[in-house]
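First the structure, in the form of structure tokens, and then the observations on it.
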Amino acid sequence: MPRTGNKLYSNKSQVLGHLGALVCITMWGISFVSTKVLLNAGMQPVEIYIYRFTLAYIIILLLKRTRLFSNNWRDEGLLVLCGMLAGSIYFLAENFALRYTLVSNVSLLTSTSPLITTMLVGLWYRSERPGSGMIAGSLIAFTGVGCVIFNSSFNLEIRPLGDILALAGAFSWALYSLILKKLNAVYDAWFISRKTFFYGVLTALPFLTVEPPKYNIVEVVTNGELVGNLLFLGIGASLVAYLLWAETVKKVGALKANNYMYLQPIITLVVSVVFLGENVSIIGYIGCGLILCGLWLGDWLTRRQAMNR
-9 MPRTGNKLYS
1 NKSQVLGHLG
11 ALVCITMWGI
21 SFVSTKVLLN
31 AGMQPVEIYI
41 YRFTLAYIII
51 LLLKRTRLFS
61 NNWRDEGLLV
71 LCGMLAGSIY
81 FLAENFALRY
91 TLVSNVSLLT
101 STSPLITTML
111 VGLWYRSERP
121 GSGMIAGSLI
131 AFTGVGCVIF
141 NSSFNLEIRP
151 LGDILALAGA
161 FSWALYSLIL
171 KKLNAVYDAW
181 FISRKTFFYG
191 VLTALPFLTV
201 EPPKYNIVEV
211 VTNGELVGNL
221 LFLGIGASLV
231 AYLLWAETVK
241 KVGALKANNY
251 MYLQPIITLV
261 VSVVFLGENV
271 SIIGYIGCGL
281 ILCGLWLGDW
291 LTRRQAMNR
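Structure representation (structure tokens):
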């Protein structure tokens, strides 16, 4: 009987983990459109990032003030890395890459994060090495990502600086997921997320000397469009999503969690059609189908291989 109970608990935990991943990816997919609205309003990329992460940090600090520092300096160093990898480095690399290369290049290259995670997990964690099924599914899904990104036009050029920055963003998120897996064994999601927000903002502040903010706090809170999008980015796409992501990685593992990021372009595409009036071509529909097929195939082949062992 205890074994049955443990199995049911494990299955429930897995289901909750997958649902959490879907919620996170939905919020992050919408966040691209929300960020675009703020950029069109004249806000700077660094300014948007600092506002959203500062808001998330203040709220989580008010809700959960249990401890200030981690157990030791080594863990504190890992938390600093989390703030940089999932915060300042990831977002600023992605935003600055847009200045030096095409949007399609940035979208495609940052979408390599699940593939990079797959390779890194295979090198670092023997217990979670990807099988051939998961690799095949990831490649199909990644092909679908390319189709979705090139939905309206196919324009891919090699522009070294921007492309390197975009890849740096993808690599930083993959590393964050691996560090998160290690920290999850010791600390809860609230503590990890709070430290990630704090160190993310702290390491991004020097960039304000390069890009001073366009709006002061009074101008932001009195502008309905600005405050509405920043509230969503700060509370939804940052606070809620990062808490859920930490729990998701704990429940389903870094590999399966990161594979959900392939769905992000689909969410962004749907939201862009609804709110920005963008069109979807046949290649966009094909891409959506390939992403869904790749995710299903990877999971199905992985479970089949596990049963045959």
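At position 160 of the sequence shown the residue is numbered 150 (my numbering), and the sequence of numbers has no breaks. For each residue, glycine too, the CB sits at the ideal point set by N, CA and C. Just so it is clear, the structure is predicted and the values come from calculations on it, not from any experiment.
**Message:** Please report the straight-line C-alpha distance between TYR205 and PRO35, rounded to a whole angstrom.
**Reply:** 12 angstroms
**Prompt:** In its own chain, which residues sit with a C-beta less than 7 angstroms from the C-beta of TYR275, not counting the 5 before and 5 after it?
**Reply:** none
**Asked** Should the region 60 to 79 be regarded as contacting the region 249 to 259, the criterion being three or more beta carbon pairs within less than 8 angstroms?
**Response** no
**Prompt:** Would you call the region 102 to 113 and the region 214 to 229 in contact, with 3 or more CB pairs under 8 angstroms?
**Reply:** no
**Residues of its chain near ILE182, where Cβ-Cβ distance is below 6 angstroms and the 5 sequence neighbours each way are ignored** = LEU173 and ALA236
**Request:** Would you please state the rounded distance, in angstroms, between the beta carbons of ALA131 and TYR252? I believe it to be under 8 angstroms.
**Result:** 4 angstroms
**Prompt:** Between THR25 and ILE38, which are expected to be in contact by the criterion C-beta below 8 angstroms, what is the C-beta distance as a whole number of angstroms?
**Reply:** 6 angstroms
**Request:** Could you check the C-alpha separation between PHE197 and THR133 for me, to the nearest Å?
**Result:** 35 angstroms
**Request:** Go to GLY67, then tell me how far its alpha helix (DSSP H) extends in each direction, as first and last residue.
**Result:** 63 to 73
**Asked** So, are the CB atoms of LEU239 and ALA231 less than 8 angstroms apart?
**Response** It should be noted that the sequence gives Val, not Leu, for residue 239. Result no, Cβ atoms of VAL239 and ALA231 do not sit closer than 8 angstroms.
**Prompt:** What does a CB cutoff of less than 6 angstroms around LEU233 pick up in its chain, not counting 5 residues either side in sequence?
**Reply:** ALA179 and SER183
**Request:** Taking only the alpha-carbon atoms, compute the straight-line gap between LEU170 and ASN85 and give it to the nearest angstrom.
**Result:** 23 angstroms
**Request:** Compute the distance between the beta-carbons of VAL217 and VAL208, then report whether it is under 8 angstroms.
**Result:** no
**Prompt:** In the structure shown, what three-state DSSP assignment does MET17 receive?
**Reply:** helix
**Item:** VAL176 versus PHE188: straight-line alpha-carbon distance, rounded
**Value:** 19 angstroms
**Message:** Can you tell me whether MET33 is helix, strand or coil according to DSSP?
**Reply:** coil
**Request:** For PHE222, I'd like the list of residues in its chain whose CB is within less than 7 angstroms of its CB, leaving aside the five on either flank, ordered along the chain.
**Result:** SER24
**Message:** In whole angstroms, give me the CA-to-CA distance for ILE154 and VAL200.
**Reply:** 20 angstroms
**Collapsed DSSP secondary structure at PHE59 in the structure displayed** = coil
**Asked** Does the Cβ of LEU82 have 16 or more other Cβ atoms within 10 Å, making it buried, or fewer, making it exposed?
**Response** buried
**Request:** Tell me whether the beta-carbon of VAL191 lies closer than 8 angstroms to the beta-carbon of TYR47.
**Result:** yes
**Separation of LEU52 from LEU129, as counted between CA atoms** = 42 angstroms
**Message:** My assumption, with CB atoms under 8 angstroms, is that LYS241 sits in contact with LEU6. Please give the rounded CB distance.
**Reply:** 6 angstroms
**Asked** Using the beta-carbon count (16 or more within 10 Å), is GLY67 buried or exposed?
**Response** exposed
**Length of the line joining the Cα atoms of ASN30 and SER21** = 14 angstroms
**Request:** Determine the extent of the alpha helix (DSSP H) in which GLY77 is found, giving its start and end residues.
**Result:** Here GLY77 belongs to no alpha helix (DSSP H), and DSSP marks it neither H nor E.
**Asked** Cα separation between THR193 and GLY279?
**Response** 39 angstroms
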